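Residue numbers (this note's numbering), protein chains in the order written: chain A, 1 to 641; chain B, 1 to 216.
All C-beta atoms in this analysis are idealised placements derived from N, C-alpha and C, irrespective of residue type, glycine included.
In this text, all values refer to a predicted model and were calculated from it rather than measured experimentally.
One structure is given below, encoded as structure tokens.
Structure representation (structure tokens):
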């Protein structure tokens, strides 16, 4: 199947088959990209001006208008207080985390008010916004861009996240997509998506390292590629290290020079913003054709000139690049591999265009890295391939790991690891707890993620209280808490008391996530057709289940239809027809009722099938035991298998 | 020991339960319904049964990986992204159980512990537990002291290399102990293997510290 990408504005004929297609989205710190794949051929989707890279920048005008992308980025020079960039660095973060980044953020942060989750809020154009809402604007814009190009609605996506993203940041990303009206089919790790794009493209086999240095995050993953299976062996990184740091290092140098030349004590936000833009230009320029150059910063009529050559740039950024190399060594050790065992290295992320980065990576692995797929687009292309695999089916398989250990705080603030890092996901582990006081009815559990020994030094994911423990003497209760991580790398917690069998669903309120109430309010506030969207999703779900029920009964009729007489058979096929008729309509309740009636109509059929199954099994048993020909049924049964 | 199970269908075939989807008979612990093809929730099975392997300590690592990948290719949630919520839940549970089995059997320490537990013997001591074997206790004290006084990377690497070769011998001895059904010896060796693994980790940490403090 070929997909057509239309010029925006052209009205294509809607194609029913296309509606099942889902897009792949690389939601980046600096730029975002959306892509789509059909027949294992992924393509990026360009905007009206033919651009694939959409700056992850959002501008909020005083009248409430929101713009995203290049336009918003230009706005930053004139009205920095209205513009948010690099919001990905704040996903799933609290105020305390953000303080560590203080000075590097070009916007003001506000603490959460009482009753709100600990998620940080940004003050933009007089509004208080969460990073989730801001990311949702970027995703909405990508969704519209894809819809304009494809000529139909896009409601499902695979969204990529840095492998090193913790649970809070992953949850925040999924929430942002939901807010943008996108159902996330899967969160895929960026290096894994890149490997998918490379692996499928070149039929690569062996051990591969993916070095992904983007604007704000660094990731490295080691994968085994074998016959269409992409198995992540180990992963590591730093969720606050990237090309932005290079820009800041250069900008700091420029600003220091400027302050010296112009005799300034304080710098205005406009000067900082201007220096950052200039620094980025200088970095890009020195990373491509030029060996040196001069740049000019002019704010409020005062200009300053700044010289920088490639060696100067490399001096400024070397400490950051060295940190990425040290992280690579650690990941190799985690996987018990030496650099010589690596078959190839894939470069991802715009920052890998910098010659110093390429040199250091080549030095470590002893290979010239692969970079022939555009490093800015490769992640989105991989995401699109995975989106196709999830909707249209595929022979390839991604097996990923949990990037950071998951643990709980025990006595004295020490962390007890429950699931160590690099464990393949999905994974589930149970831990037993007991009470330390007679009659203790509640218990506090603090879940953290990270590698440090003290709970305070790791990321706090959630604190929750287990209530309703039956009164018992200290140490007698047996509370089993299960930590489950799904294929998206997201955690859910459940608990039950074992001695009495009292099961309890624990509501884990993530420390830095959005509560369901927050989410409901934001959906109401922001999304045009939130209600319609949800109802339609439920309708689709019920149709999928109805189809499943019809297939199940038809399979059963084919296998054991002889158990029914003609009138019984007519009753069953009648019920099937009713489900099929209901599926054509839009009434969800009618579909669900028809499915229920079908289940009812097949009850006695199901009983007879079970009886037959048991008879056959017993006959087979005798056959095996006595090595004699069994009854006719048993022989038929054997032949059928 | 050495009960061979079929790779696809695990557990006793005669134990039938109704398929959640078509309600027809499904052998317990089957992965899929033979009639309607619906994925089934994971049944009770030990880790060896889940991977269709003989309950034996000596196992071929490549064969383990091959079976794991083949099963995961059919059971992973990515295969059920467009299916009903029930099928997605069953796939998640299956993939989780399979990962657990694979992880446990891949590491000789946890594989030994699993076999000991299946045989009703005591597993190696937990992190918090104490080592009761005086010989091992002595050895562990000596080597830790050696490690803490090691100053150069070469010294640490020496200790690590010795721990690694001891671990290799320990795995061979474990296979022999299980083959001879000597569970007490197997338990003792499993504890020693666990300790050797930890020593290796400590060597790595020590090495990282030495390298960090060394001027570049």
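Selected residue, minimal CA-CA separation from residue i, among the options
i	options	result
residue 391 of chain A	A:89, A:156, A:150	A:156
residue 467 of chain A	A:173, A:439, A:167	A:439
residue 199 of chain A	A:561, A:224, A:455	A:224
residue 80 of chain B	B:69, B:71, B:92	B:92
residue 428 of chain A	A:383, A:203, A:480	A:480
residue 172 of chain A	A:119, A:192, A:123	A:119
residue 354 of chain A	A:314, A:381, A:619	A:314
residue 93 of chain A	A:170, A:70, A:40	A:170
residue 122 of chain A	A:87, A:352, A:346	A:87
residue 294 of chain A	A:492, A:567, A:308	A:308
residue 78 of chain B	A:387, A:454, A:422	A:387
residue 27 of chain A	A:567, A:591, A:91, A:301	A:91
residue 585 of chain A	A:609, A:540, A:564	A:540
Local conformation of residue i per DSSP, three classes
i	result
residue 129 of chain B	Per-residue confidence for residue 129 of chain B stands at a pLDDT of 45, beneath the threshold of 50, marking its modelled position as unreliable; the derived number appears in the next sentence. Coil at residue 129 of chain B, not helix or strand.
residue 287 of chain A	helix
residue 309 of chain A	strand
residue 123 of chain A	strand
residue 173 of chain B	helix
residue 189 of chain A	strand
residue 67 of chain A	strand
residue 213 of chain B	helix
residue 616 of chain A	helix
residue 7 of chain A	Note on residue 7 of chain A: pLDDT 46, under 50, position unreliable in the model; no value is reported.
residue 395 of chain A	coil
residue 638 of chain A	Confidence is the limiting factor: at residue 638 of chain A the pLDDT is only 35, short of 50, which leaves the residue's position unreliable, though a coordinate-based value still follows. Note: residue 638 of chain A maps to helix in three-state DSSP.
residue 591 of chain A	helix
Where the alpha helix (DSSP H) through residue i begins and ends
i	result
residue 104 of chain B	85-106
residue 235 of chain A	No alpha helix (DSSP H) contains residue 235 of chain A, which is instead part of the beta strand (DSSP E) from 229-238.
residue 178 of chain A	167-179
residue 385 of chain A	378-392
residue 42 of chain A	Counting along the chain, residue 42 of chain A falls outside any alpha helix (DSSP H), though it belongs to the beta strand (DSSP E) covering 41-44.
Proximity below 8 Å, CB of residue i to CB of residue j
i	j	result
residue 282 of chain A	residue 250 of chain A	yes
residue 136 of chain A	residue 176 of chain A	yes
residue 576 of chain A	residue 550 of chain A	yes
residue 109 of chain A	residue 376 of chain A	no
residue 601 of chain A	residue 186 of chain A	no
residue 61 of chain A	residue 82 of chain A	yes
residue 310 of chain A	residue 292 of chain A	yes
residue 401 of chain A	residue 235 of chain A	yes
residue 239 of chain A	residue 164 of chain A	yes
residue 192 of chain A	residue 230 of chain A	yes
residue 120 of chain B	residue 163 of chain B	no
residue 219 of chain A	residue 237 of chain A	yes
residue 341 of chain A	residue 204 of chain B	no
residue 242 of chain A	residue 351 of chain A	yes
residue 116 of chain B	residue 183 of chain B	yes
residue 497 of chain A	residue 471 of chain A	no
residue 553 of chain A	residue 22 of chain B	yes
residue 23 of chain A	residue 546 of chain A	no
residue 44 of chain A	residue 381 of chain A	yes
Boundaries (first-last residue) of the beta strand (DSSP E) holding residue i
i	result
residue 583 of chain A	Unbroken run through residue 583 of chain A is the alpha helix (DSSP H), 566-584; no beta strand (DSSP E).
residue 404 of chain A	First-last for residue 404 of chain A: undefined, no H or E at that position.
residue 464 of chain A	459-466
residue 446 of chain A	443-449
residue 161 of chain A	156-161
residue 293 of chain A	292-299
residue 42 of chain B	Neither: residue 42 of chain B is in no beta strand (DSSP E) and is coded neither H nor E.
residue 208 of chain A	206-213
residue 491 of chain A	491-497
Contact list for the segment 313-338 of chain A against chain B, Cβ threshold 7 Å: 333
With 9 Å as the limit, tell me which residues of the segment 419-449 of chain A have their beta carbon closer than that to any beta carbon of chain B; keep them in chain order. 423, 424, 425, 426, 427, 428, 429
Please name the residues in the segment 60-76 of chain B whose beta-carbon is closer than 8 Å to at least one beta-carbon of chain A, in chain order. 69, 72, 73, 76
Using Cβ-Cβ distances below 8 Å, what residues of the segment 477-492 of chain A are close to chain B? 484, 486, 487
Could you list the residues in the segment 146-174 of chain B with a C-beta less than 9 Å from some C-beta on chain A, going in chain order? none
Return the residues of the segment 33-58 of chain B that lie within a Cβ-Cβ distance of less than 9 Å from chain A, sorted by chain order. 33, 34, 35, 36, 37, 38
Residues within the segment 390-407 of chain A neighbouring chain B, beta-carbon criterion of under 7 Å: 390, 391, 397, 398, 399
Taking Cβ-Cβ distances below 8 Å as the criterion, which residues of the segment 174-207 of chain A are in contact with chain B? 185, 186
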